[in-house]
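Residue numbers (the numbering used here), protein chains in the order written: chain V, 1313 to 1657; chain C, 5 to 276.
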């Protein structure tokens, strides 16, 4: 990276490409990430999930505002355990009418129209109460995103601020913060979350606090290590010599240089938080009355042995793909943002 | 521009000691150094690696604590300074660092880096800051059109120019240059030395030039101090030192200066 322009001095520089706008290190990292096909695929997957989560949020808000029972909560016992639409041969020429039970023969346009309509009805099947699995899956995505984002909003500021303070000031401050996170790290995570859920009561708040308050430890440790490394660097000493305040040095000079750690940690902790939420909801201390993925798995397992596989399969697939996408993306981001790899270029 | 000897010294260093490590492994990096610098004077501090010259520079900058002695700037002991006092002191005394690659923050564009210093030292108006940064860029021979660029887009020599511009932003009266050219190519070294010399004369700056290379110091400085094992062993004008070196250490240092005409065969290595 050092000699990108070579040892040219001003006269040479004037004759080169001219004053194009400078590209920062973030821009460089983005360019590197864009060349990474798998990472871009994962970014797309994450984007699709995000859109689904936003759509789910919209549906949820809409029904809350109208004060109606949302469609994903409405039960239709007569449709219970309807298999996914693609298994019901929606485009067959002879169809049984849902209401009368008569066989109706269709052809041409009417057959296609009926087929499409049939395809859109319970596309991922229905559960034991005749609720649409796809809609519940989307609501599950909404809950998963809420958990991922809110726990990150709790954990990242705590981890970053404490990590920066410990690393930069050292001494007593460092001792205290290391003691604090060691204490948190020593408590078994699940027991800690259970304890918090007991205190604040069942529901999402307990999940947020429980996961958020355990997740900052890893980040804090990483940031502390990075800041210790950076505070000896010449640019920090230079900033001190220039009379820039400690606060500005930490948050304007050092933090942007270690921020890649935060991004990578976020992409790796986000799916972990989702997994924890699923597990807690499965145990019954997480989400209440909302279709979380964990609750769906918990419900689906009851009838799995009777061949009702779709609810379980689609939820598991949804979790699998989001966790995979986030983890691969996290790895690619680490490669794209890691300054050591950049030096080697 | 040698100052008149009667003038009040700008910086006084009296019997300064800086130690590293603890009791049994104590390293006396600076072990009783005394000298002073007058306004507008350029003083060279020369010695081999580990002789304590960089530590002394850092001590003057208040980046390292001293364990004994006094460093006074304009008659005021600087070790008392903290907070605003220290900030004010750093408006008067600035430093150019050895490593042009590491001393600029890779995440901040070079123009912003200079404007930040101006902001910290009280220039609140953004346009004024921008204008001043442009002037500084021009003063060190860089095209202000490149102010939005990031450090990695510049060469070592250009980055050192940016480092100099940044340290000049506060209009200091004393500039400490800690091996400012040792990380650069020989061809670029001369350009940076010329720049420092020009600026020193134009702005009537006092310069404390720390280097291990006698030839470099001779080129820039009015007076040279030779340091060895934490002590100043000899001082004088470049003329005196080069023609009649008194101390044996100075002689070995002089012998180590590469001389193309002499050839490598006659060069001696400094023995400890």
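Quick reminder that beta carbons are idealized off the backbone N, C-alpha and C, glycines included.
* Is the distance from the Cβ of residue 1439 of chain V to the Cβ of residue 1611 of chain V below 8 Å? -> Contact flag set, yes.
* **Proximity test, Cβ basis, 8 Å: residue 67 of chain C and chain V** => Yes - at least one Cβ of chain V is within 8 Å of the one on residue 67 of chain C.
* Asked: Pairing CB atoms from the segment 1557-1569 of chain V with CB atoms from the segment 66-73 of chain C, are three or more of them under 8 Å?
  -> No: fewer than three Cβ pairs fall under 8 Å.
* So is residue 142 of chain C buried or exposed if we call it buried at 16+ other beta carbons inside 10 Å? -> With fewer than 16 Cβ atoms within 10 Å of its Cβ, residue 142 of chain C is classed as exposed.
* Asked: Do you know how far the Cα of residue 1587 of chain V is from the Cα of residue 1575 of chain V?
  -> One C-alpha to the other measures close to 19 Å.
* DSSP three-state call for residue 185 of chain C: helix, strand or coil? -> Under the three-state reduction of DSSP output, residue 185 of chain C falls in the coil class, being neither helix nor strand.
* **Element boundaries [beta strand (DSSP E), containing residue 1363 of chain V]** => It is not in any beta strand (DSSP E) - residue 1363 of chain V instead sits in the alpha helix (DSSP H) that spans 1349-1378.
* To do: Verify whether the separation of the beta carbon atoms of residue 1605 of chain V and residue 1627 of chain V is less than 8 Å.
  => The Cβ atoms of residue 1605 of chain V and residue 1627 of chain V lie closer than 8 Å to each other.
* To do: Assign residue 197 of chain C to buried or exposed, taking buried as 16 or more other Cβ atoms, counted over all protein chains shown, within 10 Å of its Cβ.
  => Around the beta carbon of residue 197 of chain C, 16 or more other beta carbons sit within 10 angstroms, so the residue counts as buried.
* Asked: Any idea what DSSP makes of residue 1640 of chain V, helix, strand or coil?
  -> Three-state result, residue 1640 of chain V: helix.
* Span of the beta strand (DSSP E) around residue 32 of chain C -> From DSSP, the beta strand (DSSP E) with residue 32 of chain C extends over 31-41.
* To do: Decide if residue 1402 of chain V is buried, meaning its Cβ has at least 16 other Cβ atoms within 10 Å, or exposed.
  => With 16 or more Cβ atoms within 10 Å of its Cβ, residue 1402 of chain V is classed as buried.
* Helix, strand or coil for residue 1571 of chain V, going by three-state DSSP, please let me know. => Judged by DSSP in its simplified three-state form, residue 1571 of chain V adopts helix.
* Asked: Under a three-way DSSP split, which group does residue 152 of chain C fall into?
  -> In the structure shown, residue 152 of chain C sits in coil (DSSP, three-state: anything other than H, G, I, E or B).
* Which residues in the same chain as residue 24 of chain C place their Cβ atom closer than 6 Å to its Cβ, once the five residues preceding and following it in sequence are excluded? -> Result list for residue 24 of chain C: 31 and 33, in chain order.
* To do: Reducing DSSP to helix, strand and coil, say where residue 77 of chain C ends up.
  => Strand, per DSSP.
* Asked: Would you say residue 1520 of chain V and residue 1466 of chain V are within 8 Å of each other, going by their C-beta atoms?
  -> Going by C-beta atoms, residue 1520 of chain V is nearer than 8 Å to residue 1466 of chain V.
* Rounded straight-line distance, which links the Cα of residue 1453 of chain V to that of residue 1368 of chain V -> The alpha-carbon atoms of residue 1368 of chain V and residue 1453 of chain V are separated by roughly 8 Å.
* Is there at least one Cβ from chain V nearer than 8 Å to residue 103 of chain C's Cβ? -> At least one C-beta of chain V is nearer than 8 Å to the C-beta of residue 103 of chain C.
* **Paired residues, beta bridge with residue 18 of chain C - DSSP** => DSSP output for residue 18 of chain C lists C:74 as bridge partner(s).
* Alpha-carbon to alpha-carbon, residue 92 of chain C and residue 76 of chain C -> Put simply, the backbone Cα of residue 76 of chain C is about 14 Å away from that of residue 92 of chain C.
* **8 Å Cβ cutoff, residue 110 of chain C in contact with chain V** => At a cut-off of 8 Å between beta-carbon atoms, residue 110 of chain C makes contact with chain V.
* Secondary structure at residue 23 of chain C, three-state DSSP: helix, strand or coil? -> Correct three-state label for residue 23 of chain C: strand.
* Asked: How many angstroms separate the CA atom of residue 230 of chain C from the CA atom of residue 212 of chain C?
  -> One C-alpha to the other measures close to 13 Å.
* Is the segment 57-68 of chain C touching the segment 208-222 of chain C, taking contact as three or more C-beta pairs under 8 Å? -> The segment 57-68 of chain C makes contact with the segment 208-222 of chain C, as at least three CB pairs between them are under 8 Å.
* **residue 171 of chain C vs residue 179 of chain C beta-carbon contact at 8 Å** => Taking 8 Å as the Cβ cut-off, residue 171 of chain C and residue 179 of chain C qualify as a contacting pair.
* Let me know the secondary structure DSSP gives residue 1462 of chain V once reduced to three states. => Collapsing the DSSP output to three states places residue 1462 of chain V in a helix.
* Residue burial classification, residue 12 of chain C (beta-carbon count within 10 angstroms, cutoff 16) -> Counting Cβ neighbours within 10 Å, residue 12 of chain C comes out exposed, since fewer than 16 surround it.
* Could you tell me whether the Cβ of residue 134 of chain C comes closer than 8 Å to any Cβ of chain V? => Answer no: the Cβ-Cβ gap between residue 134 of chain C and chain V never drops below 8 Å.
* **Near-chain A residues of the segment 1547-1567 of chain V (beta-carbon distance less than 7 Å), N- to C-terminal order** => In the structure shown, chain A cannot be found, because the protein chains are V and C.
* To do: Flag this pair as touching only if the segment 1388-1407 of chain V and the segment 1462-1482 of chain V have three or more C-beta atom pairs under 8 Å; answer yes or no.
  => Taking 8 Å as the limit for Cβ pairs, the verdict is that the segment 1462-1482 of chain V does not touch the segment 1388-1407 of chain V.
* Specify, as a first and last residue, the run of the alpha helix (DSSP H) that residue 191 of chain C falls within. => Element bounds for residue 191 of chain C: 190-207.
* Asked: Just the Cα atoms here: how many angstroms apart are residue 116 of chain C and residue 1351 of chain V?
  -> So the alpha carbons of these two residues sit roughly 32 Å apart.
* Asked: Would you say residue 1345 of chain V faces chain C, with C-beta separation under 8 Å as the test?
  -> For residue 1345 of chain V, the nearest beta carbon of chain C is not closer than 8 Å to its own beta carbon.
* Is DSSP giving residue 1647 of chain V helix, strand or coil here? -> Residue 1647 of chain V: helix per DSSP, three-state reduction.
* Within the 8 Å Cβ cut-off, does residue 1336 of chain V reach chain C? -> So yes, residue 1336 of chain V belongs to the interface.
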